[in-house]
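In the numbering used here, the protein residues as written are 0 to 174.
Step one of this worksheet: look at the structure below.
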Amino acid sequence: MINFYIFKKIDYEKNNMYKQDDFTIIVDTREQLPWEFGFHTTSKQKLDTGDYSMVGYESILTIERKRSVSEIANNITESRFKDVLQRMSKIPHSFMLLEFNLDDIYSFPVGSDIPKKMWDKLKISGNFIMKYLIQAQLNYNVQVLFCGSAENAERTAVSIMKRIHEKYSSKSNNV
0 MINFYIFKKI
10 DYEKNNMYKQ
20 DDFTIIVDTR
30 EQLPWEFGFH
40 TTSKQKLDTG
50 DYSMVGYESI
60 LTIERKRSVS
70 EIANNITESR
80 FKDVLQRMSK
90 IPHSFMLLEF
100 NLDDIYSFPV
110 GSDIPKKMWD
120 KLKISGNFIM
130 KYLIQAQLNY
140 NVQVLFCGSA
150 ENAERTAVSI
160 MKRIHEKYSS
170 KSNNV
């Protein structure tokens, strides 16, 4: 039996995912392995808050990227992370995009880079991390989004930026 598949030709100019946007994405200079943002214009600049924003929107949008539960666990133990949340609270649209799932939080430290022999010495549990993330939302107005992967987090960041651009652009007033 022969299977035939019909593939629809995509018009990349009309497809929003690949359309050139009229905004420039800022990638913080300290971001070590930044998202690539394929078809979007980027600029490396130092950001006071977060890892990503857009040129001209730095005071209203910040996106903080977290690659792993271990990264969050390390951040929670550092006092400077509270300073980051404090700065994020002053920006109207603050997002923390997590490149992992909720299950990864609750199963922590399973799947982390922490050696198994150290697990019983940990003072941070998945429940504590979840409590901290909820407090970040309640006390600092930071929107925490579980994206499941780096690719999904990058796509979510682009979608957020498009919505912010649409909302604040002089060309349109969409919500």
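We treat Cβ as the ideally placed atom computed from N, Cα and C, and that holds for glycine.
Taking a contact to mean a Cβ-Cβ separation below 8 Å, would you say residue i touches residue j in this structure?
i: residue 159; j: residue 62; result: yes
i: residue 87; j: residue 167; result: no
i: residue 36; j: residue 153; result: yes
i: residue 69; j: residue 112; result: yes
i: residue 124; j: residue 99; result: no
i: residue 24; j: residue 60; result: no
Kindly indicate which residue of the options has the alpha-carbon position closest to the one of residue i.
i: residue 80; options: 56, 135, 29; result: 135
i: residue 156; options: 94, 102, 127; result: 94
i: residue 145; options: 161, 164, 104; result: 104
i: residue 162; options: 41, 52, 32; result: 52
Going by DSSP in three states, residue i sits in which element: helix, strand or coil?
i: residue 165; result: helix
i: residue 155; result: helix
i: residue 63; result: strand
i: residue 56; result: coil
i: residue 3; result: Residue placement at residue 3 is poorly supported in this model, since its pLDDT is 48, which falls under 50; the coordinates still yield a value, given next. Note: residue 3 maps to coil in three-state DSSP.
For residue i and residue j, I'd like the C-alpha separation in whole angstroms.
i: residue 22; j: residue 109; result: 40 Å
i: residue 46; j: residue 75; result: 21 Å
i: residue 11; j: residue 49; result: Per-residue confidence for residue 11 stands at a pLDDT of 40, beneath the threshold of 50, marking its modelled position as unreliable; no derived number is given.
i: residue 128; j: residue 120; result: 16 Å
Going by the DSSP bridge assignment, what does residue i pair with across the sheet?
i: residue 160; result: Paired residue(s): none; residue 160 is not in a bridge.
i: residue 27; result: 44
i: residue 95; result: 63, 143
i: residue 131; result: For residue 131, which the question treats as bridged, DSSP gives no partner whatsoever.
i: residue 235; result: The structure shown does not extend to residue 235, since the chain spans only 0 to 174, so no value can be given for it.
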